[in-house]
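Comments concern the structure below.
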Amino acid sequence: MSRTDQPATTESTPESDLQSPPINAERLLQLITNEYESLPRQLKRIATYMSQQSDRIMVDRISDIARECEVHPSAIVRFSQRFGFSGFSEMQALFREAYTHKTTPVQNYQQRIRSMIANKSQKASGGDLARECVNATLSGIERLGMELDDVAFDKAVDLVVNADNIYVVGVRRSFAVADYLVYNLQHTNKRIHLVSGLGGSYREQMRSVRANDLVIAISFTPYGKETQHCLRIAQHHQAKTLIITDSNLSPLAKRASTVLLVNEGSSFAFRSLSATLCLCQALFIAVAYRLELKVDEIHEQVGFED
Numbered sequence: 001m002s003r004t005d006q007p008a009t010t011e012s013t014p015e016s017d018l019q020s021p022p023i024n025a026e027r028l029l030q031l032i033t034n035e036y037e038s039l040p041r042q043l044k045r046i047a048t049y050m051s052q053q054s055d056r057i058m059v060d061r062i063s064d065i066a067r068e069c070e071v072h073p074s075a076i077v078r079f080s081q082r083f084g085f086s087g088f089s090e091m092q093a094l095f096r097e098a099y100t101h102k103t104t105p106v107q108n109y110q111q112r113i114r115s116m117i118a119n120k121s122q123k124a125s126g127g128d129l130a131r132e133c134v135n136a137t138l139s140g141i142e143r144l145g146m147e148l149d150d151v152a153f154d155k156a157v158d159l160v161v162n163a164d165n166i167y168v169v170g171v172r173r174s175f176a177v178a179d180y181l182v183y184n185l186q187h188t189n190k191r192i193h194l195v196s197g198l199g200g201s202y203r204e205q206m207r208s209v210r211a212n213d214l215v216i217a218i219s220f221t222p223y224g225k226e227t228q229h230c231l232r233i234a235q236h237h238q239a240k241t242l243i244i245t246d247s248n249l250s251p252l253a254k255r256a257s258t259v260l261l262v263n264e265g266s267s268f269a270f271r272s273l274s275a276t277l278c279l280c281q282a283l284f285i286a287v288a289y290r291l292e293l294k295v296d297e298i299h300e301q302v303g304f305e306d
């Protein structure tokens, strides 16, 4: 058994880690953000999970979190002790207290999906699986509505409205969202660029970015290296950056003028994109309102004949 796999009870907590536990879940999450860079690699995985899935902690088992973070359960105990708790149960109680009067859609969904997986005596039908996917999508959209940061959203609208050029980048599953946002923003009079990286040409497509431009980057864990590369170029040219991601601990967030957070519902390890698409549509509607576009008159231009 490796040192990292040994039970936490055999390890002494470093004196530098001893501290009084935070008084509430909000304070704990802030401490996690502040201390993220100083955490060991395994504890960073747990910190990211805590930041992204804070509303699930009260119903998660220590084995669930360990599996999601790909760490030994003893690492969860060490993480709890790092922030002044005696163990995971004491830390979990903080989240249970915070959510005592609020059962979120994600919590309801997690309980349902856990029951379905555990019930091996009854085989799920195609319709059952379809409804679970729908429920997961709904949970993500409802969570977005509850947790949307109004100040960050208004700042995002300001960035779009005031930008000379707008570059949008997203790779792999985020590419569909980037393309959709570009389609919407092309209904404005602004110059919109989709950074597709076709043929590996990310650097070439970003070469004309300037200080008065805006780069919108969409990326979720494990965070595309190509997207991070584009953001470094944007930062080098002093362009503004709007990041749509799943955690303030995301490496993209460090390079952001503002961050919009969205956590999708997932079913059987497959994440939806519906909440992210909804957020992008809401962003465009808010921008259109500020620019006084007549959104209800936006339609396809007729100009092609068969």
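Residue numbering for the sequence shown follows the working numbering, beginning at 1 and increasing consecutively. By construction, the Cβ of each residue, glycine as well, lies at the ideal position given by its N, Cα and C atoms. Because the structure is a prediction, the values reported are computed rather than measured.
Using a Cβ-Cβ distance cut-off of 8 Å, the segment 75-91 and the segment 22-37 are in contact, since at least three pairs of beta carbons, one from each stretch, lie closer than that value. For Ala-253, the CB contacts under 8 Å within the same chain, skipping 5 residues up- and downstream, are Ile-243, Thr-245, Ser-247, Val-259 in chain order.
By the Cβ test, the segment 200-210 is in contact with the segment 156-170, since at least three Cβ pairs between them sit closer than 8 Å.
Per DSSP, the continuous beta strand (DSSP E) segment holding Val-195 begins and ends at 191-195. Residue environment: Val-195 is assigned as buried (16 or more neighbouring CB atoms within 10 Å of its CB, all protein chains considered). Beta-bridge partners of Asn-165 (DSSP): Arg-191. Counting only the Cα atoms, Ala-217 lies some 13 Å from Arg-172. With respect to the 9 Å criterion, Thr-241 and Leu-231 are classified as neighbours on the basis of their beta carbons. Arg-255 has its alpha-carbon roughly 20 Å from the corresponding atom of Glu-204. Its chain contains Val-168, Ile-192, Leu-194 as the residues whose beta carbon lies nearer than 7 Å to that of Val-182, once the 5 sequence neighbours on both sides are disregarded; these appear in chain order. Around the beta carbon of Ile-65, 16 or more other beta carbons lie within 10 angstroms, which makes this residue buried.
Counting only residues of its own chain and dropping the five nearest sequence neighbours on each side, Leu-159 has a CB closer than 8 Å to the CB of Leu-214, Lys-240, Leu-242, Ser-257, Thr-258. Annotated as proximal: Ile-46 and Phe-79, with beta-carbon spacing under 9 Å. The residues Asn-184, in chain order, have a CB closer than 6 Å to that of Phe-284 in the same chain once the five nearest residues on each side in sequence are set aside. Counted as a single uninterrupted DSSP element, the stretch harbouring Ala-217 is not any alpha helix (DSSP H) but the beta strand (DSSP E) occupying residues 214-218. Within the segment 122-160, the runs of alpha helix (DSSP H) at least 4 residues long that lie entirely inside it are, in chain order, 126-147. Taking a C-beta distance under 9 Å as the contact criterion, Glu-68 and Gln-81 do not qualify as a contact pair.
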